[in-house]
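Colleague: Going from the sequence shown to the numbering used here is simple: count from 1 and add 2. Built from N, CA and C at the ideal position, the CB exists for glycine as well.
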Amino acid sequence: MSQRTVQRRRRRLYPLLGGAVAVGVVVVVVQTCTTDTEPESPHPTELGYPPAPAQESPVLNEDAGEPGEVPITDLVDSEWVAQTADRASIPRRAMEAYAGAAAYAELTDPDCQLGWNTLAGIGQVESIHGAFGDSSIGEDGVVDPPIVGVALDGSEGLMEIPDTDDGELDGDDEWDRAVGPMQFIPTTWERYGQDGNLSGEADIHQYDDAALAAAVYLCDRGDDLTDDRGWNDAIAAYNQSIEYAHDVADYAERYLADQ
C-alpha cells in the first residue's frame with residue numbers, strides 16, 4: 003500500500019462562516035497588538051462550538067500485520083466490531099471502516115487520538131452510514147448507488163466552488179459537489195484519498211478508502227482530537243458550521259453511551 007505522507011499542520015480556531023464539506027477556509031480575525039506575542043483566540047465553546055466528545059479507540063487485532071501492509075479492517079478485532087456495531091446500531095460494514103481507520107490513525111499517528119466514534123458521527127451526518135437515499139453498502143464496502151451531494155454553487159448555506167475536476171469525480175463540470183459516504187469534494191480527495199482496502203486504487207465510494215481518508219484529513223487538520231480546539235479545528239475543516247459540529251459531537255457521544 004502506498005500511503006500518502008501528509009505533513010501535520012497546527013491551526014488556530016477562528017469564527018467560521020458558510021458551509022461546505024471538506025473545505026478549510028477560515029475567516030481571519032484581525033487584531034491590533036502592541037507586543038510580539040500573538041493574542042490567544044477565543045476558546046471554541048465561547049464561539050458556540052461544542053466541547054470535544056470523548057474519543058474511544060477500537061480494540062486492535064493483535065495478530066494483524068503492520069498498518070499499510072494489510073487492509074485497515076484487519077487491524078481491529080472482528081468480534082468487538084460486531085458487538086459495537088450492534089450496540090450502536092451502525093451497519094457492520096461501515097463500523098469496520100470507522101474502526102479500521104481509527105486503528106490506522108492510532109498506530110501511525112498516536113498524537114492525534116482520533117476515536118472511531120468521531121468518524122461514525124461524521125458518517126451518520128454526511129450519509130447516514132452510506133444509506134442516504136436508496137444507497138447501501140456492499141460486502142466489498144462500495145456504496146451503491148453512489149452518493150453525490152448538491153452543487154456547491156453559492157446558494158444559501160453553501161460555499162461557491164466552481165468545478166475543479168471537469169466533472170470526473172462528481173459528474174458536474176460546472177460546480178464541485180461532495181462525493182461518497184464521507185462526502186469529500188474533488189480537490190480534497192485528490193490530496194487525501196487513501197487505499198484502505200489495498201485494492202490498488204483510492205475509491206471515494208468505497209467505505210474503507212473514504213473512512214481512512216477522513217481519518218488522515220482530521221488528524222492533519224486538528225492535532226489532538228481529545229482537545230476542544232483540536233477537535234473543533236478538525237471538524238470545522240470538514241464542514242464550516244457550528245450546527246454541524248454539534249451534530250457530529252452529539253452522535254459521537256451517543257455511540258459511546260449506547261455501549
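If you reduce the DSSP assignment to three classes, tell me which class Gly-21 lands in.
Modeller: With a pLDDT of 36 at Gly-21, under the threshold of 50, the predicted position of this residue should be treated as unreliable, though the coordinate-derived value follows. If DSSP states are grouped into helix, strand and coil, Gly-21 belongs with coil.
Colleague: Would you grab the beta carbon distance between Ala-122 and Ala-216 for me? Rounded to a whole angstrom, and I think it's under 8 Å.
Modeller: Going by Cβ atoms, the distance from Ala-122 to Ala-216 rounds to 11 Å, so no, they are not a contact pair.
Colleague: Answer yes or no: do Asp-226 and Asp-211 have a C-beta to C-beta separation smaller than 7 Å?
Modeller: Taking 7 Å as the Cβ cut-off, Asp-226 and Asp-211 do not qualify as a contacting pair.
Colleague: Whole angstroms is fine: what's the gap from Gly-169's alpha carbon to Ile-187's?
Modeller: Their Cα atoms are separated by approximately 11 Å.
Colleague: Just curious, the alpha helix (DSSP H) that Gly-224 is in, first and last residue?
Modeller: From DSSP, the alpha helix (DSSP H) with Gly-224 extends over 209-224.
Colleague: Which of helix, strand or coil does DSSP assign to Ile-139?
Modeller: It is a strand residue.
Colleague: Going by alpha carbons, who is nearest to Asp-230 out of Ala-54, Glu-42, Ser-43, Trp-191?
Modeller: Comparing Cα-Cα distances from Asp-230 to each of Ala-54, Glu-42, Ser-43, Trp-191, the minimum goes to Ala-54.
Colleague: Cβ of Ser-138 within 7 Å of Cβ of Glu-108?
Modeller: Contact: no.
Colleague: Please work out which residues of its chain come closer than 7 Å, Cβ to Cβ, to Asp-165, disregarding the five sequence neighbours upstream and downstream, and give them in chain order.
Modeller: Cβ within range, chain order: Asp-174, Asp-175, Glu-176, Trp-177, Asp-178.
Colleague: With DSSP as the reference, please indicate the residues paired to Trp-177 in a beta bridge.
Modeller: In the DSSP output, where bridge partners are listed per residue, Trp-177 has Pro-164.
Colleague: If you reduce the DSSP assignment to three classes, tell me which class Asn-63 lands in.
Modeller: Three-state result, Asn-63: coil.
Colleague: Could you check which residue in Leu-220, Glu-128, Thr-190 has the C-alpha nearest to that of Met-184?
Modeller: Ranking Leu-220, Glu-128, Thr-190 by Cα distance to Met-184 puts Glu-128 first.
Colleague: Under 7 Å between the Cβ atoms of Thr-75 and Gly-117?
Modeller: Contact flag unset, no.
Colleague: Would you kindly work out how many angstroms separate the C-alpha atoms of Ile-130 and Ile-124, rounded to a whole number?
Modeller: Straight-line Cα distance between these residues: approximately 9 Å.
Colleague: Short of 8 Å in beta carbon distance, which residues of its chain neighbour Ile-149, apart from the five on each side in sequence? Order them along the chain.
Modeller: Ser-129, Gly-132, Phe-134, Gly-135, Ser-137, Val-181, Gly-182, Pro-183, Gln-185, His-207, listed in sequence order.
Colleague: Hey, how far is the Cα of Gly-140 from the Cα of Ala-96?
Modeller: Taking the straight line from one Cα to the other gives about 10 Å.
Colleague: What separation, rounded to the nearest whole angstrom, lies between the Cα atoms of Glu-68 and Val-144?
Modeller: Cα to Cα, the separation comes out at about 24 Å.
Colleague: Looking at C-alpha atoms only, which residue of Gln-126, Asn-63, Ala-105 is the closest neighbour of Ile-92?
Modeller: Ranking the options by Cα distance to Ile-92, first place goes to Gln-126.
Colleague: In whole angstroms, what separates the C-alpha of Glu-48 from that of Ala-239?
Modeller: Using only the alpha carbons, I get a separation of about 18 Å.
Colleague: Since Ala-238 is in the alpha helix (DSSP H), which residue starts that stretch and which ends it?
Modeller: Per DSSP, Ala-238 belongs to the alpha helix (DSSP H) from 230-240.
Colleague: If the criterion is Cβ atoms closer than 7 Å, does the pair Ala-105 and Val-78 meet it?
Modeller: Yes, the pair counts as a contact, with Cβ atoms nearer than the cut-off.
Colleague: On the DSSP letters alone, give me the boundaries of the beta strand (DSSP E) that Val-150 sits inside.
Modeller: 150-153 is the span of the beta strand (DSSP E), which, as asked, contains Val-150.
Colleague: Using 10 angstroms around the beta-carbon of Gly-159, count the other beta-carbons present and answer buried if the total reaches 16, otherwise exposed.
Modeller: It is exposed - the Cβ of Gly-159 has fewer than 16 other Cβ atoms within 10 Å.
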